[in-house]
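Beneath this line is the structure, given in structure tokens, with notes to follow.
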Amino acid sequence: MFLDKTTEAIAHFVGLFDVTTEAARLRKSFNEFTAKQQHDRDPSHADSHPVSLNAALDLEDFDPGVLYLPQPSQLVRVVHDTTVTYRPLPTKSARIADHDAEATRSLHAAHVSRSGHGQLDPQGSIATLIHQEAVLSDDDYASVGNHGLIFHQIGDPDAQLAQLVDAAHDLSPLWGLDATGATDNTAALADFIDNVTVMLRDFAAHHQSVEADDFSLFVSSDPLGQSFVNGVAVTDDLPKLDDYLKTKPDDADDDNALPSSIRLGGDTPSTAASATGSTAYGGAQADSSVDASTGGNTLVNTAQIANQWTAAHVMAAVGDYHQLDAIIQINVFADQDAIGSMLHGLNGWQLDNSDPTQAFNIAMFKQTDLGPQHAVNLPAPGQFPSQWAITTLHGDLTIMAWVEQLAFMSDSDIAVLSSSGYKTTVTTGDNMQLNDVFLQQIGHFFDLIIVGGSIYDANIIHQMNVLLDNDLVGGVDGFQTNSQFQLSTQGNLLWNQATIHNMHGAGVEALPNAYGQAAANFAAGNESLPAGVMNDPMFAGMAGLRVLYVTGDFLNLNYIKQTNILGDSDQIALAMDQAKADANAHWTVSTGNNQVINLAGITDVDYSGKIYAGGHTYSDAMLVQAELVSSKPSFGLADPDHLVNEAVAFLQDNAVTSPSDHWNDSFAKPTIADHHGAVDPMHSMLS
1 MFLDKTTEAI
11 AHFVGLFDVT
21 TEAARLRKSF
31 NEFTAKQQHD
41 RDPSHADSHP
51 VSLNAALDLE
61 DFDPGVLYLP
71 QPSQLVRVVH
81 DTTVTYRPLP
91 TKSARIADHD
101 AEATRSLHAA
111 HVSRSGHGQL
121 DPQGSIATLI
131 HQEAVLSDDD
141 YASVGNHGLI
151 FHQIGDPDAQ
161 LAQLVDAAHD
171 LSPLWGLDAT
181 GATDNTAALA
191 DFIDNVTVML
201 RDFAAHHQSV
211 EADDFSLFVS
221 SDPLGQSFVN
231 GVAVTDDLPK
241 LDDYLKTKPD
251 DADDDNALPS
261 SIRLGGDTPS
271 TAASATGSTA
281 YGGAQADSSV
291 DASTGGNTLV
301 NTAQIANQWT
311 AAHVMAAVGD
321 YHQLDAIIQI
331 NVFADQDAIG
341 SMLHGLNGWQ
351 LDNSDPTQAF
361 NIAMFKQTDL
371 GPQHAVNLPA
381 PGQFPSQWAI
391 TTLHGDLTIM
401 AWVEQLAFMS
411 DSDIAVLSSS
421 GYKTTVTTGD
431 NMQLNDVFLQ
441 QIGHFFDLII
451 VGGSIYDANI
461 IHQMNVLLDN
471 DLVGGVDGFQ
481 TNSQFQLSTQ
491 GNLLWNQATI
501 HNMHGAGVEA
511 LPNAYGQAAA
521 NFAAGNESLP
531 AGVMNDPMFA
541 GMAGLRVLYV
551 TGDFLNLNYI
561 KQTNILGDSD
571 QIALAMDQAK
581 ADANAHWTVS
591 TGNNQVINLA
601 GITDVDYSGK
611 IYAGGHTYSD
621 AMLVQAELVS
631 SKPSFGLADP
641 DHLVNEAVAF
651 LQDNAVTSPS
661 DHWNDSFAKP
671 TIADHHGAVD
681 PMHSMLS
């Protein structure tokens with residue numbers, strides 16, 4: 001049948017609608033069928049029924065029905081017989097002083113023959129050579145703000161520091177001495193002590209004490225039993241280091257304290273290894289400031305020697321007796337700062353020099369008499385020893401402690417600073433170096449030491465501080481600030497403190513004939529002591545004698561050499577920010593507050609009674625305290641502002657990529673390989 005176009009169109013529409021509806025109905029059924037299949041496959045949807053297990057059965061241990069008890073253990077007594085040759089001293093009432101109890105047990109344990117003498121283990125030599133060195137180069141270049149400038153170094157601080165070191169060397173009578181050659185053998189060691197004695201005598205003969213504004217020299221050949229501060233003998237309390245240290249408030253709970261609970265640090269309350277900071281958006285804007293610290297370095301050398309290796313009630317030498325105690329202390333510094341005239345014209349200008357640079361040389365020679373009048377619980381007099389035990393040392397007996405400490409630091413920083421309206425903190429100093437030694441030598445105590453040669457006993461302390469802190473602070477043309485500007489360029493501390501404490505008897509006497517005969521007997525192989533030795537009043541009340549015989553020389557040297565060298569010549573240029581000039585910033589700049597400290601002490605225990613010498617007696621003591629203040633300006637008479645404006649240059653867009661590309665040739669340009677684990681080559685904090 002033929003339909004018109006309208007009817008045919010309607011029929012087609014109805015047919016398509018029916019097909020579409022049927023397809024949708026089939027799709028719905030298919031999806032439900034597919035979903036049910038997937039649901040049936042999922043084990044979590046499977047029907048499950050709980051299973052209840054109940055096995056009412058208690059398992060018991062296996063019991064074979066056999067009664068068994070183990071047999072008790074039996075102990076077999078075994079006794080080992082040991083044969084020991086032991087012959088105690090014939091009397092029980094005689095004893096040796098309480099402080100010799102350990103040596104007394106050694107004497108009782110020694111085999112004593114019928115002739116009245118025995119053998120002890122030989123005493124050996126000891127030599128300790130310690131060299132500590134700390135070297136740091138921290139010459140930083142800091143560029144803060146969008147000032148568009150680079151700053152070239154003015155002058156040569158390294159050459160100026162070398163001149164100060166040379167000047168310090170000229171003041172020292174012992175400069176140039178080292179362990180090379182002096183410690184090769186005992187003969188060289190004896191020559192070293194003799195040469196030092198001659199050098200000190202010659203220095204004292206050609207130098208007199210001088211007191212001036214920029215130079216002082218004090219020489220004393222009789223310092224024993226006295227204390228000195230900067231060339232003046234004092235009887236009151238000595239200055240305390242804790243009263244002059246630049247301490248940090250946040251160091252009170254620091255567990256990593258230096259010896260003697262010394263708290264050391266710079267003048268800044270905190271430092272960081274990387275740049276940190278944040279910007280607050282909205283609300284009130286915080287006051288802008290620039291806080292720069294380029295000093296605050298600390299160098300410390302501490303050394304303590306306690307020598308108790310070999311001591312005796314009586315020492316007797318066939319040869320000469322050489323005694324030397326010497327302390328040499330030198331402080332040399334330069335603190336001539338150059339400050340631009342532009343800064344003096346600022347409204348809030350303030351130069352804080354209330355804490356000037358201070359230098360101290362403190363020396364103490366302490367003598368403690370260990371004679372019988374100071375002994376405790378001495379045995380009652382009236383009985384003299386009848387037994388003795390001998391140990392023989394062939395050759396020389398050497399007791400040496402040689403300590404050298406050097407701390408060198410270069411912290412000559414260059415900085416161009418400007419304020420852009422934020423709080424900025426720059427720290428390029430605040431470094432610390434520490435060398436620390438504590439040496440205690442404990443050996444044996446004898447009643448009598450007989451030396452076939454000579455006795456050499458020397459205690460020497462040499463301390464030197466060299467500080468260069470010639471700073472330059474100037475403003476670039478156009479620099480200004482309406483707020484406070486506080487500048488501190490001094491506040492340095494140079495500190496030398498040394499103590500020599502001798503613990504021995506009253507003095508040196510001529511060798512009695514009985515001791516000379518005893519030395520001759522020992523040299524001939526006859527280990528017998530004359531009655532004159534046994535009846536010496538120093539041995540009254542003793543049960544027996546412990547005797548050490550040295551065929552050669554007896555050499556005892558304690559030597560401490562401490563040196564601090566610090567170069568902290570900072571150069572700071574102040575400029576305005578080109579992008580956002582801030583004339584209301586609060587400025588605080590500190591270039592000083594450095595500390596160089598030497599602390600040394602020697603405690604030498606020799607003999608508690610007497611010492612006899614068959615030859616000549618040479619007893620020398622020397623104190624040298626020197627201070628030199630360099631008054632030569634590093635930058636001449638030119639205005640620092642003029643020098644700064646000549647040293648700065650404007651950056652060109654295509655000329656350089658970093659201010660570090662225009663460093664002075666005397667500076668080593670940092671590379672990534674030079675800084676292990678430190679992203680910031682300046683060791684500074686910017687926030």
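Each residue of the sequence shown is one higher than the one before, starting from 1 at the first, in UniProt numbering. Where a beta carbon is used, it is the ideal one built from N, C-alpha and C, also for glycine. Predicted model only: the values in this text are computed from it and were never measured.
Where residue i falls, given that 16 or more other Cβ within 10 Å makes a residue buried
i	result
P537	exposed
E527	buried
L67	exposed
S630	buried
H39	exposed
S221	exposed
D58	exposed
D568	buried
I442	exposed
P72	exposed
T294	buried
Sub-8 Å separation of residue i and residue j beta-carbons
i	j	result
S341	D582	no
A498	I461	yes
S227	L217	no
I414	F151	yes
V550	L324	no
L177	Q433	no
Through-space distance from residue j to residue i, alpha-carbon basis
i	j	result
L623	L574	47 Å
K5	F13	12 Å
D287	Q562	47 Å
I362	N230	6 Å
G148	L241	45 Å
K423	T197	60 Å
D620	D320	14 Å
R27	T7	30 Å
N307	A401	9 Å
F445	N556	15 Å
N558	Q132	16 Å
H504	A188	26 Å
D158	A338	18 Å
I565	V466	5 Å
L494	V144	32 Å
Q350	V589	11 Å
Helix, strand or coil at residue i according to DSSP, with G and I counted as helix
i	result
M432	strand
E509	strand
A286	Below a pLDDT of 50, predicted positions are generally treated as unreliable, and A286, at 47, falls in that range; the measurement from the model is reported next regardless. A286: coil per DSSP, three-state reduction.
E627	strand
T427	strand
E527	coil
Q440	strand
I154	coil
F203	helix
L174	coil
Candidates the options, of which the one nearest residue i by Cα
i	options	result
Q578	R25, Q74, N146, D58	N146
I193	I455, I602, H504	I455
T591	G296, Q336, M432	G296
A600	N496, L628, A134, H39	N496
G612	H501, S293, A510	Note that residue 612 corresponds to Tyr in the displayed sequence, not to Gly. Nearest of H501, S293, A510 to Y612, Cα basis: A510.
A312	E627, D606, T617	D606
A317	G532, H616, T34	H616
A407	A168, T398, I597	I597
Q336	A649, Q405, S488	S488
M315	A204, L545, S293	L545
D396	V234, A190, G505, L566	A190
residue 724	L343, I126, I327, L245	Summary: the structure shown does not reach residue 724, with the chain confined to residues 1 through 687, and so no result is reported for it.
A168	D477, Q625, P633	Q625
V416	V476, D469, D447	V476
Q208	I390, A518, D570, V219	V219
D639	L472, N521, G516, I565	L472
A326	L164, G552, R201, T34	R201
L628	A11, V290, N31, I330	I330
G614	L643, A519, D570	A519
K610	D61, F539, D140	F539
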